[in-house]
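Participant: Residue numbers (UniProt numbering), protein chains in the order written: chain A, 1 to 148; chain B, 1 to 148.
Backbone N, C-alpha and C fix where the C-beta goes; we use that ideal spot for every residue, glycine too.
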DNA sequence: GTTTAATATCTCTAATTTGAGATAATGGTA
DNA sequence: TACCATTATCTCAAATTAGAGATATTAAAC
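Encoded structure:
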């Protein structure tokens, strides 16, 4: 009985996690599309905006996409002149992606709108509930990653 | 200041929500692939398994996929003989998807493994923490859906 | 009884993503 | 030095997904 109860809670947690993720990202994705990007492109730009130039591999790890996809997305962003590739001097296997001035300006322009979309997306919780949710999701995510 | 604090919590919540969703579903997706399905196919089968025959449209709503995609996925599952299409007698625009005996048996076979994967994926939280997370995520998801 | 709007599915194209393998560079070891 | 395992990126084909429009049906308004 305890086992059954536990099992139902786990399945239910998976379901509500999926649904809330989908609805919350629906808000941010709609905002991102308005600016002519897809969510992956935005993810790459956001990493570079906050962390500075990064090796392609590390970008892929941060936003959880495959190596083939990273090449494809960085190609598109380079064509849009939002970033440039910079070979690494010490390790010639490594290539950094770095925002152009245009790319940095673009992100600065769209970020207020993005923040608004995020605020609206998670406005269902109070500040205190957000803190609780953050703590629980951190613990959940970290454990899932470690046991993968 | 309060505003800044609030803003950071919202962004952080989005980030930890995304990461925990990705890592948790990494577990279940790996299990699903082992059985020769992709997550969308499994989602369709799971809906039919638990809710009985459903109009294609309603399946799409439940697992949040596009109409073009639902046709494609149901085609594949029909080829695999896991489900059949059944035209609706009352409304001839509607087509039901219904599990075949083979499809029901297949799901019964893989469900224990699926449940195990789910358990492992969310094992980072205690039963009490799961209940808290479920309540918070329900509230978050419902509000995000309603304000979309 | 038309007309109109809404609904359900399907078709088709284009975009996105993965995964396997190729290429090249690095680091360590014998 | 030569060899081997590992790493980083890229290439390419196949799988997956979304989105726009086509078709058929229903329901409601007139």
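With distances taken between CB atoms, is the gap from residue 9(A) to residue 142(B) smaller than 8 Å?
Facilitator: no
Participant: Quick one: what's residue 21(A) bridged to in DSSP?
Facilitator: None, per the DSSP bridge assignment.
Participant: Using CA atoms only, rank isn't needed, just tell me which of 73(A), 76(A), 56(A) and 29(A) is closest to residue 92(A).
Facilitator: Closest in C-alpha terms to residue 92(A), from the list 73(A), 76(A), 56(A) and 29(A), comes 56(A).
Participant: Expressed to the nearest angstrom, what Euclidean distance is found between the alpha-carbon atoms of residue 134(B) and residue 111(B)?
Facilitator: 22 Å
Participant: Using a Cβ-Cβ cut-off of less than 8 Å, give me the residues of the stretch 116-128 of chain B that come near chain A, in sequence order.
Facilitator: 118, 119, 120, 121, 122, 123, 124, 125 and 127
Participant: On the DSSP letters alone, give me the boundaries of the alpha helix (DSSP H) that residue 76(B) sits inside.
Facilitator: 67-79
Participant: Going by beta carbon distance, what residues of the same chain come within less than 7 Å of residue 39(B), once the five residues before and after it are set aside?
Facilitator: 29 and 32
Participant: Run down chain A in chain order and give the residues with a C-beta less than 8 Å from the C-beta of residue 9(B).
Facilitator: 127, 130, 131 and 134
Participant: Under 8 Å between the Cβ atoms of residue 73(A) and residue 47(A)?
Facilitator: Not a contact, by the Cβ cut-off of 8 Å.
Participant: Counting only the same chain and skipping the five closest in sequence on each side, list residues whose C-beta sits under 7 Å from that of residue 42(B).
Facilitator: 32
Participant: Got a sec: is the Cβ-Cβ distance from residue 144(A) to anything in chain B below 8 Å?
Facilitator: yes
Participant: List the residues of chain A that residue 24(B) touches, going by C-beta distances under 8 Å, in chain order.
Facilitator: 14, 17, 140, 141 and 144, listed in chain order.
Participant: I want to see whether chain B comes within less than 8 Å of residue 148(A), judged by CB atoms only; does it?
Facilitator: yes
Participant: So, under 8 Å CB-CB, residue 118(A) and residue 137(B) are touching, yes? Tell me the CB distance rounded to an integer number of Å.
Facilitator: Wrong, their Cβ atoms sit about 16 Å apart, outside the cutoff.
Participant: Which value, in whole angstroms, describes the spacing of the CA atoms of residue 70(B) and residue 90(A)?
Facilitator: 49 Å
Participant: If you run the structure through DSSP and keep just helix, strand and coil, what is residue 98(B)?
Facilitator: strand
Participant: Leaving out five residues before and five after residue 94(B) in sequence, what residues of the same chain have Cβ atoms less than 7 Å from its Cβ?
Facilitator: 55 and 88
Participant: Would you say residue 45(A) reaches chain B, if we count a Cβ-Cβ gap shorter than 8 Å as a contact?
Facilitator: So no, residue 45(A) is outside the interface.
Participant: If we count the other Cβ atoms within 10 Å of its Cβ and call it buried at 16 or more, is residue 50(A) buried or exposed?
Facilitator: exposed
Participant: Name the chain B residues whose beta carbon is nearer than 9 Å to that of residue 149(A)?
Facilitator: The structure shown does not extend to residue 149(A), since chain A is modelled only from 1 through 148, so no value can be given for it.
Participant: Alpha carbon to alpha carbon, how far is residue 35(A) from residue 145(B)?
Facilitator: 22 Å
Participant: Do the CB positions of residue 140(A) and residue 18(B) come within less than 8 Å of each other?
Facilitator: no
Participant: Which first and last residues belong to the beta strand (DSSP E) in which residue 122(B) is found?
Facilitator: From DSSP, residue 122(B) is part of no beta strand (DSSP E); its letter is neither H nor E.
Participant: Do residue 98(B) and residue 83(B) have their beta-carbon atoms positioned less than 8 Å apart in this structure?
Facilitator: Yes, the pair counts as a contact, with Cβ atoms nearer than the cut-off.
Participant: Does the Cβ of residue 127(B) have 16 or more other Cβ atoms within 10 Å, making it buried, or fewer, making it exposed?
Facilitator: exposed
Participant: Would you mind working out which of 121(A), 125(A) and 129(A) sits nearest residue 24(A), comparing C-alpha positions?
Facilitator: 121(A)
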